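Asks: Next up is a structure, given as structure tokens.
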Ligand code: FAD
Ligand code: NAP
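In the numbering used here, the protein residues as written are 691 to 1032.
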């Protein structure tokens, strides 16, 4: 069956910031075999890929073709008593996949419960939460090039995963569609529960040696408690990455801002480097007290909320104000996490 291209399609309900937007041409990809015909009919302008729209700031009018990756399915490639190898289609819902794995005794992803979005988008920014990143479990990413339709498989190393980063944000940015992702998951629990907020919540529940299911339940509860639900309060999760600085830079900042306690965490992947809490930097610039139409969440300064469902341009302007204020005060340039499209 052919995928149908629709014209001038509204995207208001297809992005979690609830930005009012229209795209020139739009198609749902239900089967990988539909891609060649779609690319042949793409017409003028860029070809872009959409998942669940939870990490995007859309402009009001997008040109070109937007392909929504909707293809779902999970295949068990092989398993033994220690590990299972899965191939998961890119259009599947991430949280449902995590829950599916736990039900079958496939572990490791429990800390990444309730992250919005699709499986195909997970490697794009190497999604992470509560001390775990998806890169630990991805073995291969199956891609199709958007210019030629040609296939390419990237192993973990080729994906160049880093903190909220991968090759898909650089050399392959907007050049490929992630058709499927291969995962290797342990069949014996290897719980990770040292992350402070999670450890505290588990301790409060009396869970000092938590099972993966208990971690999953606690992460879901924590996220429901701490993060605004985009359906109620439109947002795109953390709007900025936490800046990484080396030890010398951290010392300089501490000396320069002696009256404040700079919030920093040692980066476990990069010895000698420190992650600064972007939320804290934003708070110090007074954004939590502001009541603009687009604003930071009062309990979570890293999350920009759009209660009045204003335009992407308005959100970008507000984000720009934050970047300038933090740069002026701390000499650090915050990097935006969600992509600007259109
Ligand atoms: P989209 O927003 O649709 O797309 C994001 C980017 O990926 C775009 O550039 C798009 O072109 C590209 N893309 C999407 N699918 C494909 C594909 N199949 N092939 C090629 N390119 C593709 N992120 C975290 O890392 N950790 C968190 O804990 C977290 N919490 C969040 C909480 C909330 C409330 C929200 C709203 C967001 C949160 N995010 C978090 C960000 C977001 O959930 C992730 O980045 C997610 O992976 C985005 O998936 P998506 O399908 O919505 O992608
Ligand atoms: P939190 O625990 O209040 O922490 C806030 C920030 O401080 C996070 O960005 C986190 O970095 C950092 N941090 C805290 N303790 C740390 C430690 N011991 N070592 C290193 N970094 C530390 O986080 P939260 O906002 O409630 O979110 C919980 C988890 O979900 C976090 O892992 C967060 O990244 C993730 N999350 C991500 C998004 C997104 O859109 N990207 C949105 C919501 C939540 P890390 O981000 O590296 O953990």
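We put the CB at the ideal spot given by N, CA and C, even for glycine. Bear in mind that the values here come from a model prediction, so they are computed numbers and not experimental data.
Find out if the Cβ-Cβ distance for the pair residue 819, residue 792 is shorter than 9 Å.
Replies: If you number the chain shown from 1, residue 819 lands on position 129. If you number the chain shown from 1, residue 792 lands on position 102. Not closer than 9 Å, so no.
Asks: By the 10 Å Cβ neighbour count, where 16 or more other Cβ atoms means buried, how is residue 861 classified, buried or exposed?
Replies: Your numbering for residue 861 matches position 171 in the chain shown. So residue 861 ends up on the exposed side.
Asks: Give me the residue from 874, 865, 805 and 863 with the minimum Cα distance to residue 775.
Replies: The residue you call residue 775 lines up with position 85 of the chain shown. The residue with the shortest Cα to Cα distance from residue 775 is 874.
Asks: Establish whether the CB of residue 993 and some CB of chain C are separated by less than 9 Å.
Replies: In the structure shown, chain C cannot be found, because there is only a single protein chain.
Asks: Along the beta strand (DSSP E) that carries residue 927, what are the first and last residues, could you check?
Replies: For the purposes of this step, residue 927 is taken as the residue at position 237 of the chain shown. Looking at the DSSP string, the run of the beta strand (DSSP E) that includes residue 927 is 925-928.
Asks: Taking only runs of the beta strand (DSSP E) that begin and end inside the region 762-795, which ones reach a length of at least 3 residues, in chain order?
Replies: Complete beta strand (DSSP E) runs here, min 3: 764-769 and 773-779.
Asks: Could you tell me which of 934, 814 and 909 sits nearest to residue 789, measuring between CA atoms?
Replies: For this step, residue 789 is matched to residue 99 along the chain shown. Answer by Cα proximity: 909.
Asks: Beta carbon of residue 1020, beta carbon of residue 974: below 9 Å?
Replies: Here residue 1020 is taken as the residue at index 330 of the chain shown, counted from 1. Here residue 974 is taken as the residue at index 284 of the chain shown, counted from 1. Result yes, Cβ atoms of residue 1020 and residue 974 sit closer than 9 Å.
Asks: Cα separation between residue 747 and residue 1006?
Replies: For the purposes of this step, residue 747 is taken as the residue at position 57 of the chain shown. For the purposes of this step, residue 1006 is taken as the residue at position 316 of the chain shown. Using only the alpha carbons, I get a separation of about 8 Å.
Asks: Nearer than 8 Å: is that true of the beta carbon of residue 851 relative to any heavy atom of the ligand NAP?
Replies: Start at 1 with the first residue of the chain shown, and residue 851 comes out as number 161. Residue 851 Cβ: outside cutoff for every heavy atom of the ligand NAP.
Asks: Do you know offhand how far residue 981's Cα is from residue 878's?
Replies: Your numbering for residue 981 matches position 291 in the chain shown. Your numbering for residue 878 matches position 188 in the chain shown. When rounded, the distance between both Cα atoms is 48 Å.
Asks: Going by the C-beta, is residue 745 closer than 8 Å to any heavy atom of the ligand FAD?
Replies: In the chain shown, counting from the first residue as 1, residue 745 sits at position 55. Yes, the beta carbon of residue 745 sits closer than 8 Å to at least one heavy atom of the ligand FAD.
Asks: Report yes or no: do the region 890-899 and the region 821-834 share at least 3 C-beta pairs separated by less than 8 Å?
Replies: Not touching, per the Cβ criterion.
Asks: Pick helix, strand or coil for residue 873, following the three-state DSSP scheme.
Replies: Within the chain shown, residue 873 is the residue found at index 183, counting from 1. Note: residue 873 maps to strand in three-state DSSP.
Asks: Give every residue of the same chain whose Cβ lies closer than 6 Å to the Cβ of residue 705, excluding the five residues on either side of it in the sequence, and list them in chain order.
Replies: In the chain shown, the residue the question calls residue 705 occupies position 15. Excluding positions up to five away in sequence, the list reads 743, 746 and 748.
Asks: Taking Cβ to Cβ, would you say residue 842 is nearer than 9 Å to residue 761?
Replies: Working through the chain shown from its first residue, we reach residue 842 at position 152. Working through the chain shown from its first residue, we reach residue 761 at position 71. Going by C-beta atoms, residue 842 is not nearer than 9 Å to residue 761.
Asks: Since residue 866 and residue 836 should fall inside the 8 Å C-beta cutoff, what is the C-beta to C-beta distance between them, to a whole number of angstroms?
Replies: Against the chain shown, residue 866 aligns to sequence position 176. Against the chain shown, residue 836 aligns to sequence position 146. Sure, about 6 Å apart at Cβ, within 8 Å.
Asks: Nearest to residue 1023 by alpha carbon, out of 976, 971 and 990?
Replies: The sequence position of residue 1023 within the chain shown is 333, counting from 1. Checking every option, the nearest Cα to that of residue 1023 belongs to 971.
Asks: Considering only DSSP beta bridges, list what residue 825 is partnered with.
Replies: Along the chain shown, one-based indexing puts residue 825 at 135. Partner(s): none; residue 825 has no beta bridge.
Asks: Residue 721 to residue 937, Cα distance in whole Å?
Replies: Within the chain shown, the letter at position 31 stands for residue 721. Within the chain shown, the letter at position 247 stands for residue 937. Cα to Cα, residue 721 sits roughly 49 Å from residue 937.
Asks: Should residue 942 be labelled buried (16 or more other beta-carbon atoms within 10 Å of its own) or exposed?
Replies: Here the question's residue 942 lines up with position 252 in the chain shown. Exposed is the call here.
Asks: Less than 6 Å between C-beta atoms, sequence neighbours within five positions excluded: which residues of the same chain meet that for residue 672?
Replies: Outside the shown range of the chain (691 to 1032) lies residue 672, about which nothing can therefore be said.
Asks: Is the CB-CB distance between residue 717 and residue 752 below 9 Å?
Replies: Your numbering for residue 717 matches position 27 in the chain shown. Your numbering for residue 752 matches position 62 in the chain shown. It is not a contact, given that the beta carbons lie outside the stated cut-off.
Asks: With respect to 8 Å, is the separation between the Cβ of residue 886 and the closest non-hydrogen atom of the ligand NAP below this value?
Replies: Looking up residue 886 in the chain shown gives position 196. Yes; taking the cut-off as 8 Å, the Cβ of residue 886 has a heavy atom of the ligand NAP nearer than that.
Asks: Any heavy atom of the ligand FAD within a distance shorter than 8 Å of the CB on residue 838?
Replies: To locate residue 838, count along the chain shown from 1; it is residue 148. Every heavy atom of the ligand FAD is 8 Å or more from the Cβ of residue 838, so no.
Asks: Do you know whose CA, among 955, 693, 976 and 907, lies nearest residue 731's CA?
Replies: By one-based count along the chain shown, residue 731 stands at place 41. When only C-alpha atoms are compared, the closest one is 693.
Asks: Does DSSP put residue 931 in a helix, a strand or coil?
Replies: The residue labelled residue 931 in the question sits at position 241 within the chain shown. Note: residue 931 maps to coil in three-state DSSP.
Asks: Relative to the C-alpha of residue 729, which residue among 750, 964, 740 and 834 is closest?
Replies: Here residue 729 refers to the residue found at position 39 when the chain shown is read from its first residue. Out of 750, 964, 740 and 834, 834 has the C-alpha closest to the C-alpha of residue 729.
Asks: Got a sec: does the ligand FAD put a non-hydrogen atom nearer than 8 Å to the Cβ of residue 1029?
Replies: To locate residue 1029, count along the chain shown from 1; it is residue 339. Flag set: Cβ of residue 1029 near the ligand FAD.
Asks: Grab me the residues of residue 988's own chain with a C-beta within less than 8 Å of its C-beta, minus the 5 sequence neighbours each way, in chain order.
Replies: Position 298 of the chain shown, counted from the first residue, corresponds to residue 988. These residues qualify, in order along the chain: 978.
Asks: What number of angstroms, rounded off, separates the C-alpha of residue 1002 from the C-alpha of residue 750?
Replies: For the purposes of this step, residue 1002 is identified with residue 312 of the chain shown, where counting begins at 1. For the purposes of this step, residue 750 is identified with residue 60 of the chain shown, where counting begins at 1. The straight-line gap from Cα to Cα measures roughly 7 Å.
Asks: Measuring only the C-alpha atoms, how far is residue 839 from residue 940?
Replies: Mapped onto the chain shown, residue 839 falls at position 149. Mapped onto the chain shown, residue 940 falls at position 250. Taking the straight line from one Cα to the other gives about 46 Å.
Asks: Any heavy atom of the ligand NAP closer than 8 Å to the Cβ of residue 739?
Replies: Translated into positions along the chain shown, residue 739 becomes position 49. Residue 739: no, Cβ never under 8 Å from the ligand NAP.
Asks: Suppose contacts are defined by Cβ-Cβ distances below 9 Å. Is residue 1031 in contact with residue 932 by that definition?
Replies: Taking the chain shown and counting its residues from 1, one reaches residue 1031 at position 341. Taking the chain shown and counting its residues from 1, one reaches residue 932 at position 242. Contact flag unset, no.
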